[in-house]
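Below is one structure, written out as structure tokens, with a few remarks after it.
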Amino acid sequence: MRTQVAIVGAGPAGLLLSHLLRLAGVGSVVLESRSREYCEHRIRAGVLEQGTVDTLNAAGLGTRMQREGLVHHGIELLFGRKRHRIDLTALTEGRAITVYGQHEVVCDMIDAAVEHGQPLYFDVADVSLHDLTTDKPWVRFTHNGAQERIDCDYVAGCDGFHGISRGSIPEHALQAFERVYPYAWLGILANAAPTCDELVYAHSERGFALFSMRSPEVTRLYLQCRPDEDLAQWPDERIWAELHARFESDDGWLPAVGEITQKGVTPMRSFVCEPMQHGRLFLAGDAAHIVPPTGAKGMNLAVADVRVLSRALAAHYHDGRDDLLDAYSSTCLERVWRAEHFSYFMTNMLHPSFDDTPFVNRLKMSELRYVASSNAASRMLAENYVGLPFRD
Ligand code: APR
Ligand code: PHB
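Per the working numbering: the sequence shown = residues 0 to 391.
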């Protein structure tokens with residue numbers, strides 16, 4: 000096989016890259032180790048920044064999102080038994096976020112890929128990358144028991160944090176920056192109508208909790224737990240009792256109880272690898288960086304990376320310019336580090352930690368009160384939460 004860009008991974012990064020390249024007249028082949036079914040049902044986060052929504056709409060991928068996505072103009076911070084609203088739209092000259100599950104975005108992109116005849120191979124195995132520092136890189140993989148080879152001009156490593164792309168770069172050519180948090184999130188999906196129109200981020204002495212939603216019938220909830228938390232210790236009744244204790248407030252608001260249809264533990268990690276490029280391999284999305292979910296940035300960063308990469312590749316093929324490709328890593332890392340800082344800030348502020356001293360926990364309360372009461376501080380939070388506008 001021969002293509003211009005070989006893309007490893009069919010998550011939001013790889014799928015969107017293949018669409019943007021197709022729209023720019025650049026050919027690509029996508030290789031995914033999981034089945035289509037698995038990719039379409041993998042439950043992940045669900046907050047889309049304004050810029051992500053605009054990018055998906057401009058790529059013709061937004062029809063169902065416009066119909067089913069829930070546009071939110073604010074978020075709530077709950078602490079000291081009171082809810083404090085951050086008016087995202089008023090604080091950011093009209094911007095908003097959209098709540099639409101990542102797996103729904105993935106379903107829409109797979110449907111569009113199939114419709115447009117985009118080469119997309121699920122269930123591949125043994126993917127390996129070769130001759131990345133020459134101008135003739137190639138990719139080997141196994142599909143239906145047969146060994147295959149793709150010769151290409153560029154490789155896009157969009158295979159997530161545990162993929163093989165980052166590991167194909169020699170260790171001495173990369174610098175990794177990492178922070179592992181001393182807590183995780185236990186997340187559930189419940190068949191219960193959301194009882195609040197906006198997300199509620201709660202800091203209680205018992206730990207952090209988050210109220211979110213997927214549709215007018217489905218609530219998404221998380222609670223801070225230990226990184227090695229055993230789900231077997233969390234029968235449904237214990238989850239609801241703990242959520243209700245953490246969301247307790249003076250106005251009596253609580254999430255509604257319903258059948259729990261999904262349970263999982265999400266680890267909390269910050270990670271960045273620099274640079275995001277090695278020879279003809281470009282890393283995008285979780286393959287290059289991870290954020291803790293508190294800032295709701297993961298998928299948005301993946302979209303921002305491939306937006307930059309698709310434009311840079313289009314400039315190479317159509318205008319013979321490589322300056323955008325050369326600047327790929329530094330262009331992306333600027334946004335990545337802003338999101339890293341914001342996610343770290345939100346995570347630290349909202350999670351009381353038993354590893355922290357009482358002094359540090361008091362600082363967190365002071366920061367929450369400041370963010371909720373100062374126009375300058377709430378504007379800072381809002382601007383980062385809705386996402387910085389694209390410069391192009
Ligand atoms: N070969 C082929 N595909 C692979 C391989 C491999 N060796 N390893 C992993 N993959 C696939 C995974 O199965 C997955 O479908 O790569 C895809 C990577 O997708 P994501 O993990 O969703 O990463 P990305 O597209 O960068 O999207 C980032 O995902 O984890 C969330 O919070 C994160 O929202 C963010 C988003
Ligand atoms: C979610 O709805 O899954 C969600 C919302 C906000 C976050 C993280 C996850 O910060």
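Every residue, glycine too, gets a C-beta built ideally from N, C-alpha and C.
Taking C-beta separations shorter than 6 Å and ignoring five residues to either side along the sequence, the partners of VAL305 in its chain run ALA12, LEU15, LEU16, ALA283, following chain order.
Judged by DSSP in its simplified three-state form, THR265 adopts strand. Per DSSP, the beta-bridge partners of PHE207 are HIS202. ASP122 and GLY144 have their C-alpha atoms roughly 10 Å apart. For the options SER203, CYS151, LEU349, the alpha carbon positioned closest to that of LEU128 is the one of CYS151. Residues of the same chain with a CB within less than 7 Å of the CB of ALA44, apart from the 5 flanking positions on each side, are GLN101, PRO292, ALA295, GLY297, MET298 in chain order. At least one heavy atom of the ligand PHB is found less than 7 Å from the C-beta of PRO292. If only complete runs of 4 or more residues are kept, the region 61 to 98 shows the alpha helix (DSSP H) at 62 to 67, 87 to 90, in order along the chain. Going by C-alpha positions, TYR369 is about 44 Å away from LEU20. Remark: the C-beta of LEU198 is in contact range of the ligand PHB, defined as less than 7 Å to any heavy atom. By the 16-neighbour rule on beta-carbons within 10 angstroms, SER211 is buried. Here the C-alpha atom of GLY24 lies approximately 10 Å from the C-alpha atom of LEU312. HIS243 and TYR99 have their C-alpha atoms roughly 25 Å apart. Rounded to the nearest angstrom, the gap between the Cα atoms of VAL104 and MET64 is 8 Å. Remark: the C-beta of ILE6 is outside contact range of the ligand APR, defined as less than 7 Å to any heavy atom. According to the DSSP assignment, GLY294 belongs to no beta strand (DSSP E), since it is labelled neither H nor E. Assignment of CYS272 by DSSP, reduced to helix, strand and coil, places it in the strand class. Shown here, ARG225 sits in coil according to DSSP, grouped into three states, outside any helix or strand.
Boundaries of the alpha helix (DSSP H) around ASP235: 235 to 246. DSSP lists VAL7, LEU282 as the beta-bridge partner residues of GLY156. Burial is judged here by how many other beta carbons sit within 10 angstroms of a residue's own beta carbon; PHE358 has fewer than 16 and is exposed. In the three-state DSSP reduction, ARG139 falls in the strand class (E or B).
Under the 8 Å Cβ criterion, the region 248 to 268 counts as touching the region 180 to 198, having at least three qualifying pairs. Cβ neighbours of VAL264 within its own chain (closer than 6 Å, five residues either side excluded): ALA183, LEU185, GLU228.
Checking the 7 Å criterion, the Cβ of GLY206 is out of range of every heavy atom belonging to the ligand PHB. The beta carbons of SER214 and GLU67 sit about 7 Å from each other, so the pair counts as a contact at 8 Å.
In the three-state scheme derived from DSSP, where H, G and I count as helix and E and B as strand, PRO388 is classed as coil. Not one heavy atom of the ligand PHB sits closer than 7 Å to the Cβ of LEU380.
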